[in-house]
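To start, the structure under review is shown below, and the notes come after it.
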């Protein structure tokens with residue numbers, strides 16, 4: 296089942312004005328955007344805690360779960376049926392907080408309290424589940440564990456999940472809606488939104504690392520070639536030849552090789568450059584390369600070591616044309 300909604304708040308849409316938000320039973324829609332984009336307003340409209348939204352038969356997890364006096368177990372069980380309470384206790388065990396239910400709710404850490412709240416909301420069997428930043432209080436060690444439980448327990452239910460974290464969006468979402476300034480700018484499969492953002496505002500919102508300005512010099516079918524200095528970038532676009540344009544692509548779309556090892560292969564885009572900077576992002580390393588224009592790539596620490604990447608290293612970069620969007624400027 297699929298429904299499309301127009302959402303405005305207040306009535307004049309000054310805070311949120313979304314046309315055609317597509318929500319589907321059995322899919323997880325991630326609503327993504329920077330702080331102040333209207334994400335929480337949107338989910339509160341869907342949950343019915345703000346007036347003017349559609350009526351959803353849903354279980355709702357707010358960004359800051361309510362805690363009353365009493366034990367964590369007492370808080371978790373409020374309003375639940377016996378069957379739901381039993382299911383919540385089982386989920387609390389899976390989430391690593393089952394042994395904490397006897398303690399005062401106020402004594403729990405932020406991450407522990409959030410996991411208790413996640414157990415409660417997942418235990419309520421509603422057709423829809425609405426989750427506002429369900430991993431925001433989790434440390435790196437627990438985030439993916441909680442995400443895995445959420446995905447498994449949602450099953451074939453529909454879900455709307457708020458996040459501003461790229462990794463969470465990629466893990467939790469089937470599809471993604473990007474909000475900026477209270478407006479829906481793009482909706483589609485998560486991989487598509489990250490690799491082919493529909494415009495510069497979306498590219499900036501989702502943290503696309505590469506934005507290159509130039510002029511369109513050629514076209515072949517759905518592909519357009521943009522020239523930026525000595526660099527030619529092929530991508531998907533419909534900008535007429537001779538017009539200014541901007542190529543955008545994700546750092547994750549870039550494949551790196553040492554020296555000229557990448558000269559063979561099917562990727563339409565192939566450039567030679569020099570590594571100028573590396574940034575440790577934890578599970579990934581951001582590599583900045585000068586190819587006449589600035590290009591950013593992401594590699595694992597293991598790949599960095601194997602490729603012996605460091606400032607001054609000569610590298611070849613390849614990017615498939617289908618991973619690049621060429622937009623008019």
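In the working numbering, the protein residues as written are 296 to 624. Idealized CB from N, CA, C, for every residue including glycine. Source: prediction; values computed, not measured.
Asked	Found
If the criterion is Cβ atoms closer than 8 Å, does the pair residue 362 and residue 408 meet it?	yes
Ordered along the chain, which non-local residues of its own chain (more than five positions away) have a Cβ less than 7 Å from that of residue 555?	567 and 611
On the three-state DSSP scale, how would you describe residue 461?	helix
Could you check how far apart the C-beta atoms of residue 520 and residue 506 are, in whole angstroms? I think they sit under 8 Å.	That pair is no contact at about 17 Å.
Can you give the Cα-Cα distance for residue 314 and residue 446, rounded to whole angstroms?	27 Å
Within 10 angstroms of the Cβ of residue 601, are there 16 or more other Cβ atoms? Answer buried if so, exposed if not.	exposed
Between 489, 593 and 577, which lies nearest to residue 619 when the distance is taken from Cα to Cα?	489
Kindly confirm or deny that the region 398 to 408 and the region 373 to 386 touch, where touching means at least three C-beta pairs closer than 8 Å.	no
Quickly, what does DSSP pair residue 359 with across the bridge? List them, please.	Note: residue 359 sits in no beta bridge, so no partner.
Please identify the residue among 387, 359 and 346 whose C-alpha is closest to the C-alpha of residue 372.	387
Okay, do the region 326 to 338 and the region 444 to 462 touch, 3+ Cβ pairs below 8 Å being the bar?	yes
With residue 584 as the anchor, note down where its beta strand (DSSP E) starts and where it stops.	580 to 585
Am I right that residue 546 and residue 621 are in contact with their C-beta atoms under 8 Å? What's the rounded C-beta distance?	Incorrect: roughly 18 Å between the Cβ atoms, too far for contact.
Less than 8 Å separating the beta-carbons of residue 530 and residue 592?	no
Quick check: the Cα distance between residue 472 and residue 482, rounded to an integer number of angstroms?	4 Å
Decide if the region 383 to 399 is in contact with the region 486 to 504; the criterion is three or more beta carbon pairs, one per stretch, under 8 Å apart.	no
Could you give the first and the last residue of the continuous alpha helix (DSSP H) run that contains residue 386?	377 to 389
With residue 411 and residue 367 assumed to form a contact (beta carbons below 8 Å), what rounded beta-carbon distance in angstroms separates them?	5 Å
I'd like to confirm the pairing. Which residues does DSSP put opposite residue 481 in its beta bridges?	473
For residue 570 and residue 486, I'd like the C-alpha separation in whole angstroms.	27 Å
To which residues of the same chain is residue 333 closer than 7 Å at the C-beta, ignoring the five residues directly before and after it?	310, 311, 474 and 477
Would you tell me roughly how many angstroms separate the C-alpha atoms of residue 369 and residue 469, rounded to the nearest one?	34 Å
Using 10 angstroms around the beta-carbon of residue 513, count the other beta-carbons present and answer buried if the total reaches 16, otherwise exposed.	exposed
Should residue 442 and residue 428 be called a contact, given that it needs their Cβ atoms to be closer than 8 Å?	no
According to DSSP, simplified to helix, strand and coil, what is residue 488?	helix
Might you give, ordered along the chain, the residues of its own chain that have their beta carbon closer than 6 Å to the beta carbon of residue 552, omitting 5 neighbours on each side?	611
If residue 550 sits next to residue 613, beta carbons under 8 Å apart, how far is it from one beta carbon to the other, in whole angstroms?	5 Å
Give me, in chain order, the residues of the same chain whose beta-carbon lies closer than 6 Å to that of residue 451; leave out the 5 immediate sequence neighbours on both sides.	321
Over the uninterrupted beta strand (DSSP E) stretch that includes residue 517, give me the two end residues.	Taken as a continuous stretch (DSSP letters only), residue 517 belongs to no beta strand (DSSP E), as it is neither H nor E.
Under three-state DSSP, which class holds residue 506?	strand
By a C-beta neighbour count over all protein chains shown, 10 Å radius and 16 as the cutoff for buried, is residue 543 buried or exposed?	buried
Taking the alpha-carbon positions, what's the residue 384 to residue 561 distance?	52 Å
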